[in-house]
DNA sequence: ATGCCTCAGCTCCTGAGA
């Protein structure tokens, strides 16, 4: 069973690439069972549900005008769908959760935070606290759980192209990483680091300055698995191929393979 | 310190992203 997360930075622009990628994965013999998308940047009425149905996917979505917006695609229907964090008042569409094949899947677009000390950074910290409280309850109810998405946080220097120059900048501050480790402490694991990875492995590269070609990126898109799922994890990879497309998203998809 | 790029929208500039 393959699960993936991808911040596609406008679904209107990237829909053909998403469909191509899903088709290519299926053609390779192991289709993506669940795909979490972030940054749809569209209202719910614009969501291309027919295109995904035709591609063999069920869809749940939670859109918003201009910014944010998340979706959960799955080959079998998702049940018990939740949008945003229960109990956390939020006017941004950032979270969608559902149960697929007995696995609780949470797809999330974490706040960017803009700059340490800013209002947006404070919002990010409050959002992270709200998320943690809810994920703790979700884990109690669903031991087989995956939390994946665009976290907008690096774990450590391995996730940074320039650990010195980017020290304490947004996505790389101690305060953000504290919250990321607190999520891990609930009983989750960074599936990417369960496996040997090439040095300088990233999931996002700035559009500017030929950052992708120079591999100047960050690893900010993650797939966390619960204790119960950890023994089933077989591989976790960043698929950089879609980042070489014409008009790519600035993020690449991350793919986790779980034993059946 | 800023632009470098990309996207959406109150669209020929601005805000935001990361």
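Residue numbers (our numbering): 126 to 385.
From the three backbone atoms N, C-alpha and C, an ideal C-beta is built for every residue, glycine too.
- Distance from the CA of residue 321 to the CA of residue 170, rounded to the nearest whole angstrom, comes to 42 angstroms.
- Collapsing the DSSP output to three states places residue 289 in coil.
- Under the three-state reduction of DSSP, residue 309 is assigned to helix.
- Nearest neighbour of residue 286 by Cα position, chosen from 219, 318 and 339, turns out to be 339.
- When C-beta atoms of the stretch 176-193 are compared with those of the stretch 301-311, fewer than three pairs fall below 8 angstroms, so the two segments do not count as touching.
- For the pair residue 243 and residue 225, the CB atoms are not nearer than the 8 angstroms cut-off.
- Within its own chain, the residues whose Cβ lies closer than 7 angstroms to the Cβ of residue 264, once the five positions on either side in sequence are excluded, are 270, 311, 312 and 351, listed in chain order.
- Residue 370 counts as exposed, since fewer than 16 other beta carbons sit within 10 angstroms of its beta carbon.
- Shown here, residue 227 sits in coil according to DSSP, grouped into three states, outside any helix or strand.
- Per DSSP, reduced to three states, the secondary structure at residue 314 is strand.
- Residue 130 has 161 and 379 as its beta-bridge partners, per DSSP.
- The three-state secondary structure of residue 332, taken from DSSP, is coil.
- Proximity of the stretch 205-225 to the stretch 143-154 falls short of the contact definition, fewer than three beta-carbon pairs being nearer than 8 angstroms.
- The DSSP-derived three-state label of residue 351 is strand.
- In the structure shown, the three-state DSSP call for residue 204 is strand.
- Take residue 368, set aside five residues on each side of it, and the residues of its chain with a beta-carbon closer than 6 angstroms to its own are 337 and 377, in chain order.
- In this model, residue 365 and residue 142 are separated by some 13 angstroms (Cα to Cα).
- Rounded to whole angstroms, the Cβ separation of residue 279 and residue 344 is 6 angstroms, and the two are in contact under 8 angstroms.
- Residue pairing by DSSP places residue 186 opposite 196 in a beta bridge.
- C-alpha of residue 219 to C-alpha of residue 154: approximately 31 angstroms in a straight line.
- If you compare the alpha carbons of 241, 328, 131 and 201 with that of residue 227, the shortest gap goes to 201.
- Counting only runs that start and end inside the stretch 253-290, there is no alpha helix (DSSP H) element of at least 4 residues.
- Residue 359 carries a strand assignment under DSSP once its states are collapsed to helix, strand and coil.
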